[in-house]
Amino acid sequence: MKDQNGKAAQIPTPSLPIENSSQDIYIMLASGEIAYLPHEFYSDSSRIIEQVEQDGTFKYRFFLNEEGQYPMNFAGSTVTKVINWNLSNPDGSPKTFPNNPSTTPETGYFIDLRTLEMNRLNMHQSIQIPLGADTPIDQSKLPEYHGSYVPVPEDKLKELTHIPENANLYIAFFQKPAKTHENSKCYSYCVSYIPFDELKSYFIITPRPEQEEQEQSRPMLPSHKDSEEAVELLKTYYGIPQVQAGAIYPPSPLVSARGLTCYVANLSTFKK
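When we follow this note's numbering, the leftmost residue of the sequence shown carries the number 156, and every step to the right adds one.
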């Protein structure tokens, strides 16, 4: 690529600090609505239900057990269901959120942004982003190995066939998502909980009359023009072919002007 003087044009490095850049998500629902969740919204400390620090401290646990194990039905998936069994303790009692016991956990969907990488497809110059590597958790700070995942009990496997009544979201993400991560190491992360009632406030659709008041209080959403373009692209390239999840590398029409990356979770792929 050359400029008007015939010299090689330089792709600019963004002035926005990478640590503060958005890792925003588009959520496609089976009912046809699409929500746009800014990183600042879903990563807010008031929504965190699970948190592991860089020093290996389990600050909050919800799905993670004391041995450092996760439920088998979350293994390897980017988007999967949260079933009633995931919301119960080993003794059968209901779980509570460690930092918000007054909120009742409900079934929904687990979205693991840690499994998504910003893979490059197009082989051309692009925005240069100085990422740097995240600091892994020291192995000696983690529990010893006692098996891989916690299997779903045989009498609970039927729950995997159920579609959650509402799109309540459990979103897992690195505490430093802009850094690079090795698959063989553990890093500090969080899981946040977004109940469906809050998700509705972030729909990027023409509001119904009863939604007009909510629409006026959405400071983080893309402009109306950007929303229309994003919706059309999501329907065409994720909705029609039933793509369940993806990560869009900038520059792209789906990447917000405020951020440097974009994730997509298509919940409409879950069928009854």
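Every residue gets a Cβ at the ideal spot worked out from N, C-alpha and C, and that includes glycine.
* How is phenylalanine 196 classed by DSSP in three states: helix, strand or coil? -> The count along the sequence shown starts at 1 and reaches residue 196 at position 41. Helix.
* To do: Mind reading off the beta-carbon distance from asparagine 241 to proline 226? Whole number of angstroms is fine, and I expect it under 8 Å.
  => Translated into positions along the sequence shown, residue 241 becomes position 86. Translated into positions along the sequence shown, residue 226 becomes position 71. Confirmed, Cβ separation roughly 6 Å.
* Asked: Among Lys355, Cys417, Tyr418 and Ala402, which has the Cα closest to the Cα of glycine 187?
  -> What you label residue 187 is simply residue 32 of the sequence shown in a count that begins at 1. The candidate whose alpha carbon is nearest that of glycine 187 is Lys355.
* Asked: Can you list, in chain order, the residues of its chain whose CB lies under 6 Å from that of glutamate 261, leaving out five sequence neighbours each side?
  -> Along the sequence shown, read from residue 1 onward, the residue named residue 261 stands at position 106. Asn323, listed in sequence order.
* If you measure from the CB of asparagine 241, is any heavy atom of the ligand ADP nearer than 6 Å? -> For the structure depicted, the ligand ADP is absent and the ligand set is empty, with no information on it obtainable.
* State the DSSP-derived secondary structure class of asparagine 244, mapped to helix, strand or coil. => Mapped onto the sequence shown, residue 244 falls at position 89. Coil, per DSSP.
* Can you tell me the Cα-Cα spacing of tyrosine 418 and lysine 390, whole angstroms? -> In the sequence shown, residue 418 corresponds to position 263, counting from 1. In the sequence shown, residue 390 corresponds to position 235, counting from 1. Spanning the two alpha carbons is a distance of roughly 15 Å.
* Residues near glutamine 397 in its chain [Cβ-Cβ closer than 6 Å; skip 5 each side] -> Here residue 397 corresponds to residue number 242 of the sequence shown, with the count starting at 1. Around glutamine 397: Thr424.
* To do: Please classify lysine 236: is it buried, with 16 or more other beta-carbons within 10 angstroms of its beta-carbon, or exposed?
  => Mapped onto the sequence shown, residue 236 falls at position 81. Lysine 236 should be labelled buried.
* Identify which residue in Leu297, Lys334 and Glu205 has its Cα closest to the Cα of lysine 250. => Counting from one through the sequence shown, the residue named residue 250 turns up at place 95. Taking only the C-alpha atoms, the option nearest lysine 250 is Glu205.
* What span of residues does the beta strand (DSSP E) with phenylalanine 351 cover, start to end? -> For the purposes of this step, residue 351 is identified with residue 196 of the sequence shown, where counting begins at 1. Per DSSP, phenylalanine 351 belongs to no beta strand (DSSP E); it is in the alpha helix (DSSP H), 351-354.
* To do: Could you say which of Ser200, Glu208 and Asp267 lies nearest to alanine 400 if we only look at CA atoms?
  => Looking up residue 400 in the sequence shown gives position 245. The residue with the shortest Cα to Cα distance from alanine 400 is Asp267.
* Determine the burial state of methionine 183: buried for a count of at least 16 other Cβ atoms within 10 Å of its Cβ, exposed for fewer. => In the sequence shown, the residue the question calls residue 183 occupies position 28. The residue in question, methionine 183, is buried, as its Cβ has 16 or more Cβ neighbours within 10 Å.
* With DSSP as the reference, label alanine 385 as helix, strand or coil. => As a working note, residue 385 is residue 230 in the sequence shown. In this structure, alanine 385 counts as helix in the three-state DSSP scheme.
* Candidates Lys334, Ile238, Glu384 and Phe328, of which the one nearest glutamate 195 by Cα -> Looking up residue 195 in the sequence shown gives position 40. Minimum Cα distance to glutamate 195 is reached at Phe328.
* Since I believe alanine 185 is in contact with leucine 422 (beta carbons under 8 Å), could you give me their beta-carbon distance rounded to a whole number of angstroms? => The residue labelled residue 422 in the question sits at position 267 within the sequence shown. The residue labelled residue 185 in the question sits at position 30 within the sequence shown. Indeed, because the Cβ distance is near 6 Å, the residues count as touching under 8 Å.
* Identify the continuous beta strand (DSSP E) that holds phenylalanine 265 and give its terminal residues. => By one-based count along the sequence shown, residue 265 stands at place 110. Unbroken beta strand (DSSP E) run through phenylalanine 265: 263-267.
* **Buried versus exposed, by CB contacts within 10 Å (16 or more), lysine 313** => One-based indexing of the sequence shown puts residue 313 at position 158. So lysine 313 ends up on the exposed side.
* **Sub-7 Å separation of tyrosine 344 and valine 207 beta-carbons** => Residue mapping note: residue 344 aligns to position 189 of the sequence shown, counting from 1. Residue mapping note: residue 207 aligns to position 52 of the sequence shown, counting from 1. Contact: yes.
* Cα-Cα, which of Ile318, Val307 and Pro291 is closest to proline 332? -> Residue mapping note: residue 332 aligns to position 177 of the sequence shown, counting from 1. Cα-wise, what sits closest to proline 332 is Pro291.
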